[in-house]
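Chains as they are written, first to last, in the numbering used here: chain A, 1 to 67; chain B, 1001 to 1067; chain C, 2001 to 2067; chain D, 3001 to 3067; chain E, 4001 to 4261; chain F, 5001 to 5261; chain G, 6001 to 6261; chain H, 7001 to 7261. A quick write-up on the structure given underneath.
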């Protein structure tokens, strides 16, 4: 197991995990979302290529009402 | 002949004249007009009954653009 | 005895009384005041001449702070 | 002779001249003025030490009415 | 949404009353009345030119669409106003009259006492009186009490295009009024009209702003929309004024560009 | 009348941009977007709640009708704004971004220097940047020079409903601008929107005034009309402001109640 | 500089008239009259409390320094105002009267018709009448014509501290007036007083702004200075308003940080 | 009452800073400085005219009475401002500088980013910087954070005489500021100065309003009084603003003209 920082909170996840698999594991609807990985935005097509390491910071975001 | 004051100007008219005859004599289109006779408003139906005397003041008016 | 209306309130006073005597009887300081008698203002010099009758209305006034 | 740029205009001056000598030569009242030499401000005590070279830019300034 | 304006027992869908003065041509006037969506238009009463009688303005106005509101513009005294009001009633066959008693030629401000006196007599004489007044809350109340069917406080000087200087006074007039309050004079742009209706005014009267615009019909349509916008905003319930800001986007859960440790 | 607003090469018929924040329900939001006639709506970018993921707002918005304008609301620094702008681009698949760099929580006023720096980097990165700024004419010009596709000067504090305090500054921004000028923040009623467009502003952005009105859909429709009224008035050519009055009725030929001599 | 204010034949050096109401103590009143530099103070006329007659306010006011101006505050009708004016004349042995006919308890706005009628009768009765009115230019002229020695247009509601809403109307009153124009009611701060005098008003009347300030004497002195400042600015001839800037420093001969070539 | 204004460690009794530009004569300038009661005056730095050197302005100003505040007027860029600031320091032997970075010739509005950058460098170089800025609360805070000894938000365009358009923004700047806030530019009359000080501004800077008045000395004295009035009013605690009226005379015990029954 390893610990990631996901949306500001620590999360225990399995070792040896890629971003795409992780997102699938937590049932994130892929439509109209974006993911920041250690401060960089990752295009959807690259999710599989991103291997997660302990301490990685993920920001999984979606649009909300705003002005 | 006698002199009336019509719309502020003196006018020579025949003696022994009524308002209706006078208005007809000067080709006033009767639609959408009104007549003041010595400061009183005369209804159309009474034009014939108004005998004109020397010095009478007539105001023959119509609507114009206004705010 | 008779009843006057003084500053809006009924007051029992002796019969056969003049305004000057009445004002003296109630210790009114004569300086900077004025008196209305049945809606008329009475000059000071005339106070003695005003005989009071039942139902007379007196307004005894002085200046107060105002803008 | 050499050419300096003084207050934006070319000026012919003798060769081998220092700032103090030059200012004296043009009768500049030293009170309440300042001198910029090639974009640097020169303190009065250093005027003598500044040797002038062809093409040097001098700004000789004084205060004027301003808001 | 049934939200009619009722003046003297007559219902109106439009809250824009339009003046017919100062138009560059009869056609521009007709077109801008059409574009404005108005249902009541003012006219002035003047002497017929006996030497060359041109066509009568009422021949150009569709009387089935537009109610005529004769005014007493040009009258400086009570006596003049009464006479012109009665001539206007005869001309347009209506008991509606826009009462103006205006001694002052420079700013065309109305005479409060003369207006009240004339209103009293015209009401007695059976008129439905719409008096043009300074935005004086006590005068407005007095006119209502003598039986006027509206009050028409001014925004600023007639034709000045200064907009509405009298917002605070109009608010107070509205608080006390039981008859429709129509803001008249000085309006220049649709936002002036909207503003009046947003604070609760029942209608506005516009003339010069339309007639003298470069494109009167387009401006008339703009005022139509501005009046509708203002009325709807009044009914829709505006937000309060606050000193400080309130974020329109949620203040929390903002993503952080934190890099890995 | 072809009078489109063009922002970053995209044409819009509507000059009303609407925010999606602070609505009482998704249905009220959808209905008021519809009533407003807008073609572009703003959204904020926030962390997904992993524990209870509610439905995504973009599932409710008809993307064929409304262009999405992600904002960087909530960002206090350049770095945060760059990150959120890039997340927003990914979320909404658009290169449009409403840039907000707001260090001040009380009045939500933007940082002029941070905004300029972030704008510079986002333009380089290919964004079409719509920056939210104080109504500072020099800053507006600087932002235009670094390649922003509009400037968005504020009227007053976000959500304050104070209206437009910055009319004079906006006038000056308009004089110099070669990109569209969109007045944003503080608008409360349609007359605020009309006023902005009457002086030549190209569009307005409204959120709280609609979302928090008692009747959001009616207010949205009112703003639609107010914006159209203001734009038309600008195009129709308003009357000048005069110090004195000009009669809207002819000053001469007034009938006189003269009695016979 | 001989620049006296003359009201009803009486000369005043001070252009600040002060009300004596709403003070927290007689001493605060006396001190702030002193600090204000005023030469005329208003008082109200009320029933003596026969049961416990406290000391008379005029015992506290130096009648050699301050002329007394009795008012008719509290009167709603012409009849009441006439009666109270006559009582006031007797009380203070003066023919000056500040006329108030105020039917409205909420905003304390005056009745234009009642005020004109009462003024007419009081002038006939030998009074020097200073009428409190709405800022209505025609009414102001009418009051002058019946013989009032000043007109006193209101700035805003009495005691409201809203300042002067009626600047444009006061300007017009000033254009036409041949008697002194005194702005009364609503003033809150010295800038309100200065503003009135800067546009040419002859004096101001202040009460609540001084009496209810945290420090009445300091505020009274501030108003004294503000009134003097406003009058001097009027006499000194202000600069015109311009749309564009004009540099206060010379635009040319700016030194350049040019480096050597 | 010890109520000094402290700027950069220097105490001032007067809260009026005066510019020396645009005077019709040196004598008028000297007289109006005297009348203004100021303790600090601004000067610009310009090239000496080598061909006809007229007398130096500082020969006319009593340096024991007036602290000199050189400005960087005329500078469009950071580089120019740094150079002119340093020349000014040498000319007047002071580390005080009024920083102006103004790229815009028409309205003379300052560059927020250039001003911040120049301020940062001048502070590092040991200057006491008084920056002229748009009334932008965030920029004002940024300038304070880099070490400026005041901020000087503008009221309106320099020399325009439009007064203070930025009252709301200045209020917010005052809320957050820990350095003195000096309102500069656009003031025309003493009421403008009073207004600024009444809301808590620490001082004002005035030039054109005095120099170009018909009578500069009288106007200078008027501004002196206006500034004192405004400051005292601020300290004396103004009355609150109310929607409704409050009678300044007692509402009860009004005598009644009741006649006998």
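Positions of the beta carbon are idealized from the N, C-alpha and C atoms, including for glycine.
Assigned with DSSP and collapsed to three states, residue 1018(B) falls in strand. The Cβ atoms of residue 7010(H) and residue 7089(H) do not sit closer than 8 Å to each other. Bridge pairing for residue 5011(F): 5006(F) [DSSP]. Rounded to whole angstroms, the Cβ separation of residue 4104(E) and residue 6131(G) is 19 Å, and the two are not in contact under 8 Å. Cβ-Cβ separation between residue 7074(H) and residue 6248(G): approximately 11 Å, too far for a contact (criterion under 8 Å). For residue 64(A), the neighbours in chain E by C-beta distance under 7 Å run, in chain order, 4250. The three-state secondary structure of residue 5115(F), taken from DSSP, is helix. Non-local beta-carbon contacts of residue 3061(D) in its own chain, meaning distances under 6 Å to residues more than five positions away in sequence, involve 3034 in chain order.
For residue 5192(F), the CB contacts under 6 Å within the same chain, skipping 5 residues up- and downstream, are 5163, 5164 in chain order. Per DSSP, residue 7172(H) is one residue of the alpha helix (DSSP H) stretching across 7167 to 7176. Remark: C-beta atoms of residue 7087(H) and residue 7045(H) approach each other more closely than 8 Å. DSSP links residue 7131(H) through a beta bridge to 7099(H). Here residue 7120(H) has 7146 as same chain residues with Cβ atoms under 7 Å from its own Cβ, once five neighbours each way along the sequence are excluded.
The DSSP-derived three-state label of residue 7208(H) is helix.
When the five nearest sequence neighbours on each side are left out, the beta carbons in the same chain lying within less than 8 Å of the beta carbon of residue 7157(H) are those of 7107, 7108, 7109, 7185, 7186, in order along the chain. In chain order, 3063, 3066 make up the part of chain D whose C-beta sits under 9 Å from the C-beta of residue 7070(H). According to DSSP, residue pairing for residue 6184(G) in a beta bridge involves 6154(G), 6205(G). Taking a Cβ-Cβ cut-off of 8 Å, the neighbours of residue 5092(F) in chain A comprise 32, 63, given in sequence order. A buried status is given to residue 4080(E), since no fewer than 16 other beta-carbon atoms sit within 10 Å of its beta-carbon. From the beta-carbon of residue 2041(C), the residues of chain G found nearer than 9 Å are 6083, 6086, 6087, 6089, 6090. In the three-state DSSP reduction, residue 4048(E) falls in the coil class, being neither helix nor strand. Inter-residue distance for residue 5175(F) and residue 6244(G) is about 12 Å (C-alpha atoms, whole angstroms). The alpha-carbon of residue 7177(H) is positioned some 47 Å away from that of residue 6111(G). The beta carbon of residue 7007(H) lies closer than 6 Å to those of 7149, 7150, 7180 in the same chain, with the five residues before and after it left out. Contact annotation: residue 7043(H) and residue 7033(H) have beta-carbon atoms that are not nearer than 8 Å. Of all alpha-carbon atoms in 6036(G), 6083(G), 6123(G), the one lying nearest the alpha-carbon of residue 6047(G) is that of 6083(G).
In summary, no residue of the region 5215 to 5229 of chain F has a CB separated from any CB of chain H by less than 7 Å.
Three or more beta-carbon pairs separated by less than 8 Å link the region 1017 to 1027 of chain B to the region 1049 to 1064 of chain B, which places the two stretches in contact.
In the structure shown, residue 2010(C) adopts extended strand secondary structure according to DSSP, grouped into three states. Secondary structure of residue 6088(G) (DSSP, three-state): helix.
Cβ proximity to chain G below 7 Å picks out 7106, 7107, 7108 from the region 7105 to 7134 of chain H. Within the region 6154 to 6178 of chain G, the residues whose Cβ lies closer than 9 Å to some Cβ of chain E are 6156, 6157, 6162, 6165, 6166, 6167, 6168, 6169, 6172, 6175, 6176, listed in chain order. Taking 8 Å as the CB threshold, residue 3059(D) lines the interface with chain G. Our two residues, residue 4050(E) and residue 5232(F), have alpha carbons roughly 42 Å apart in a direct line.
Between the beta-carbon of residue 7241(H) and that of residue 7199(H) there is about 13 Å, and that puts the pair past the 8 Å contact cut.
In this structure, the CA atom of residue 1058(B) is about 19 Å from the CA atom of residue 1064(B).
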